[in-house]
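These notes concern the structure reproduced below.
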Amino acid sequence: MGRGRGDLQPLSRRPHAAHRLSNSAHRGCWVNRRLGLTQRVDEFPERCETRDALDQRWAGLLESLGFVPVPLCNQIQNTAVYLGALALDGIIITGGNDVAHASLAELPTRDRFEYGVLAYCRDRQIPVLGVCRGMQIINVFFKGRLSPLAGHVASRHRVTRGAQVRNVNSFHNFGIEAGDLGAGLIATGFCDDGSIEAMRHQSAPFHGLMWHPEREEPAEAMDVALIREIFGTA
513 MGRGRGDLQP LSRRPHAAHR LSNSAHRGCW VNRRLGLTQR VDEFPERCET
563 RDALDQRWAG LLESLGFVPV PLCNQIQNTA VYLGALALDG IIITGGNDVA
613 HASLAELPTR DRFEYGVLAY CRDRQIPVLG VCRGMQIINV FFKGRLSPLA
663 GHVASRHRVT RGAQVRNVNS FHNFGIEAGD LGAGLIATGF CDDGSIEAMR
713 HQSAPFHGLM WHPEREEPAE AMDVALIREI FGTA
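So, in structure tokens, the structure goes:
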């Protein structure tokens, strides 16, 4: 069995955990909150290589907010031991790659790993933010459904979240229609076509966005506020 968070000393209690970034005027302090980031899988058959990959903009965004970004490896077999050793304060399920529609035995490596991550975080109430594909796999994890969507790749469109209305980027082939949310999930944002653009879980600290906060330059204030709300103020 893997270790729980209680079996390891949290980073905030370890000596010398925080380090000031003295060489960059626009960066603040490293705080004691470490966020794991799952990665897309890229195939390079001409090199006989399969690589985990992460958009570099995630590191820049999270560092600017004071978090410590920790890329996660898809090939890990014992997810509980791995995540327990890292003692993360939260996880971002990033975009890239479509979610597979397959039985558990046939799942691609990334899907299998991320299902393990979600189960680990659900059982320990560790906050999770799913972005684009990440929101989709959270929905499938809770037995929801995905549908192909037209006009949502390399475009911008309006999203309504409560009283907030804004334009967001869009890079997804699949989405979530009204009525297709998984058990316990609540829609918090909608596109004008009725598809769900943001959600949260009613009991687990899980949130999802269909747009990419890391791709906005500069970062959108609403996205920054949400990240801080989910993972704590940096």
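For my numbering, add 512 to where a residue sits in the sequence shown, where the first one is 1.
Heads up, the beta-carbon is just placed ideally off N, CA and C, and yes, glycines get one too.
Quick caveat, the model's predicted, so the values are computed rather than measured.
CB-CB length for Trp723 against Val680, believed under 8 Å = Rounded, the Cβ-Cβ distance is 4 Å, consistent with contact.
Identified DSSP bridge partners for Ile469:
For residue 469 there is no data in the structure shown, the boundaries of the chain being 513 and 746.
Can you give, in chain order, each stretch of the beta strand (DSSP E) that sits fully within the region 557-621 and has at least 3 residues? Correct list: 561-565, 580-583 and 602-605.
Alpha-carbon spacing of Tyr594 relative to Trp570, whole angstroms: So the two alpha carbons sit approximately 21 Å from each other.
In terms of residues, what are the limits of the alpha helix (DSSP H) holding Gly646? Its alpha helix (DSSP H) spans residues Arg645 to Phe653.
Suppose the cutoff is 6 Å on Cβ atoms and the five residues either side in sequence are ignored; what does the same chain contact list for Gly694 look like? Once the five neighbours on either side are set aside, the close Cβ partners of Gly694 are Asn651, Phe654, Lys655 and Gly656.
### Identity of the residue in Arg727, Arg636, Leu658 and Gly646 nearest Ser715 by Cα
With distances taken between Cα atoms, Ser715 lies closest to Arg636.
Cβ of Phe743 within 7 Å of Cβ of Gly602? Yes, they are a contact pair.
Assuming contact is defined by CB atoms lying nearer than 7 Å, are Asp554 and Glu726 in contact in what I supplied?
Taking 7 Å as the Cβ cut-off, Asp554 and Glu726 do not qualify as a contacting pair.
State the DSSP-derived secondary structure class of Arg545, mapped to helix, strand or coil.
-> Secondary structure of Arg545 (DSSP, three-state): coil.
Fill in: Bridge partner(s) assigned by DSSP for Asp554
According to DSSP, which records beta bridges pairwise, Asp554 is partnered with Arg563.
Does DSSP put Pro717 in a helix, in a strand, or in coil?
-> Of the three classes helix, strand and coil, the one that applies to Pro717 here is coil, per DSSP.
Check: On the three-pair Cβ rule with 8 Å, is the region 702-718 touching the region 682-691?
Finding: Note that the region 702-718 touches the region 682-691; at least 3 beta-carbon pairs, one per stretch, sit closer than 8 Å.
- [ ] Specify the secondary structure class of Gln725 as computed by DSSP and reduced to three states.
- [x] Looking at the sequence shown, residue 725 is not Gln but Pro. Reduced to three states, the DSSP call for Pro725 is helix.
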